[in-house]
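Trainee: Got a structure for you, written out below as structure tokens; questions coming shortly.
There are 2 protein chains.
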Amino acid sequence: MTAQRKAVLDVLHRWHDHPTADEVFLRVRKLLPKVSLATVYRNLDVLAEQDEIQVIEFPGQPRRYDAVTRPHYHIVCVECGRVEDIHLDRVPDLGALVQRTGAYEVLATRLEFEGRCSRCRAR
Amino acid sequence: MTAQRKAVLDVLHRWHDHPTADEVFLRVRKLLPKVSLATVYRNLDVLAEQDEIQVIEFPGQPRRYDAVTRPHYHIVCVECGRVEDIHLDRVPDLGALVQRTGAYEVLATRLEFEGRCSRCRAR
DNA sequence: AATGCTACCAGGAACTACTCCCAATAAATG
DNA sequence: CATTTATTGGGAGTAGTTCCTGGTAGCATT
Numbered sequence: 006m007t008a009q010r011k012a013v014l015d016v017l018h019r020w021h022d023h024p025t026a027d028e029v030f031l032r033v034r035k036l037l038p039k040v041s042l043a044t045v046y047r048n049l050d051v052l053a054e055q056d057e058i059q060v061i062e063f064p065g066q067p068r069r070y071d072a073v074t075r076p077h078y079h080i081v082c083v084e085c086g087r088v089e090d091i092h093l094d095r096v097p098d099l100g101a102l103v104q105r106t107g108a109y110e111v112l113a114t115r116l117e118f119e120g121r122c123s124r125c126r127a128r
Numbered sequence: 006m007t008a009q010r011k012a013v014l015d016v017l018h019r020w021h022d023h024p025t026a027d028e029v030f031l032r033v034r035k036l037l038p039k040v041s042l043a044t045v046y047r048n049l050d051v052l053a054e055q056d057e058i059q060v061i062e063f064p065g066q067p068r069r070y071d072a073v074t075r076p077h078y079h080i081v082c083v084e085c086g087r088v089e090d091i092h093l094d095r096v097p098d099l100g101a102l103v104q105r106t107g108a109y110e111v112l113a114t115r116l117e118f119e120g121r122c123s124r125c126r127a128r
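Put into structure tokens, the structure is as follows:
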């Protein structure tokens with residue numbers, strides 16, 4: 006656990022606004038001004054591999070990162086791009102359903118939402 | 006409806022293997038050898054806007070296109086990248102559930118699957 | 001038929017979000 | 001303390017897509 010890796014993790018523990026790699030980079034650079042973007046990307050990959058952080062991928066948007074690893078869902082605002090958490094209980098196991106219907110071994114189910122956040126709706 | 010736009014649509018009506026823009030381009034070029042990639046992209050956008058085709062977006066992968074617009078789901082093979090259709094009945098309206106829990110106006114629900122196709126599993 | 005208008009075109013440059021490479025440095029191990 | 005191993009910063013490269021420029025096609029109005 007190098008200073009760089011720790012700084013990346015700290016940033017994600019401190020802020021829960023689902024920053025992009027670039028945003029993490031800008032925040033880490035305040036602590037370690039010489040850090041490189043490649044290092045941030047590398048450490049985000051390593052931390053995700055170790056399940057210390059979660060990767061949030063919305064198509065056509067930069068990846069976002071989240072230090073909260075317990076399962077929950079995300080919604081992205083189509084206007085401002087903000088990503089927020091959604092907590093849902095008792096979501097049926099749709100992956101199992103798919104597994105039964107076909108020839109696929111189902112490895113993951115991706116469930117995400119798009120909408121307009123209250124702030125953008127107010128405008 | 007120019008010849009180029011018609012050719013793009015024809016390609017998607019003829020093949021249902023969820024081609025990428027690049028694959029559409031290669032197929033259109035057999036009919037219209039001078040067509041440009043930008044034109045294919047533009048017409049895919051226009052056709053999607055008009056709901057004549059559907060866009061399939063898996064994060065980190067090129068977009069794929071589908072002339073079948075009635076709602077169905079997709080699964081991508083993590084090994085070969087092939088995208089296949091999944092037909093599911095009676096999927097609960099998770100978007101409505103989310104709408105009730107929070108401040109968001111839910112505009113779309115994205116439900117996709119990842120797995121290993123039978124062909125890759127056989128190897 | 002000439003003019004203006006709009007939509008569309010090809011080709012290439014530009015852009016974004018990564019990803020890869022490499023020499024230099026730091027950490028871990030014996 | 002020496003050496004192996006992991007990690008670093010910086011810069012170049014990449015894939016997929018978008019943007020820009022100048023030009024053309026089709027159509028309505030004169």
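First to last, the sequence lines map onto chains A and B.
Using the working numbering, the letters of the first sequence map in sequence onto residues 6 to 128.
Using the working numbering, the letters of the second sequence map in sequence onto residues 6 to 128.
Beta carbons: idealized from backbone N, C-alpha and C, even for Gly.
1) Measure the beta-carbon distance from Ala72/B to Tyr46/B and round it to whole angstroms, keeping in mind my assumption that it falls under 8 Å.
2) Could you tell me which residues DSSP puts in a beta bridge with Gly100/A?
3) Could you tell me the distance, in whole angstroms, from the CA atom of Gln66/B to the CA atom of Ser41/A?
4) Using the beta-carbon of each residue, which ones in chain B are nearer than 7 Å to Phe30/A?
5) Using the beta-carbon of each residue, which ones in chain B are nearer than 8 Å to Glu110/A?
6) For a quick check, are the C-beta atoms of Gln59/A and Thr44/A less than 8 Å apart?
7) For Arg69/A, decide whether its Cβ has a neighbour in chain B, counting only Cβ atoms nearer than 8 Å.
8) If distances are taken between C-alpha atoms only, which option among His21/B, Thr106/B, Ala8/B, Arg69/B comes closest to Val33/B?
9) Using only CA atoms, which one of Leu112/A, Gly107/A, Leu99/A, Cys125/A lies nearest to Leu116/B?
10) Can you list, in chain order, the residues of the region 87-98 of chain A whose Cβ is nearer than 8 Å to any Cβ on chain B?
11) Using the Cα positions of Arg69/A and Phe63/A, report the straight-line distance between them to the nearest angstrom.
12) With H, G and I counted as helix, E and B as strand and the rest as coil, what does DSSP make of Ala113/B?
13) Looking only at its chain, what residues have a beta carbon closer than 6 Å to the beta carbon of Arg87/B, apart from the 5 residues adjacent to it on each side?
14) Which one of Gly107/B, Cys85/B, Gly120/B, Gln104/B has the shortest CA to CA distance from Ala113/A?
15) Please list the partners that Arg75/A has in chain B, where partner means a Cβ-to-Cβ separation under 9 Å.
Mentor: Short version:
1) No, Ala72/B and Tyr46/B are not in contact; Cβ-Cβ is about 17 Å, not under 8 Å.
2) Bridge partners of Gly100/A: none, in fact.
3) 26 Å
4) Correct list: empty, because the minimum Cβ distance to chain B is about 19 Å.
5) Gly120, Arg121, Arg126
6) no
7) no
8) Ala8/B
9) Leu99/A
10) Glu89, Ile91, His92, Leu93, Val96, Pro97
11) 8 Å
12) strand
13) Cys122
14) Gly120/B
15) By Cβ distance, chain B contributes nothing, its closest Cβ being about 17 Å from Arg75/A, past 9 Å.
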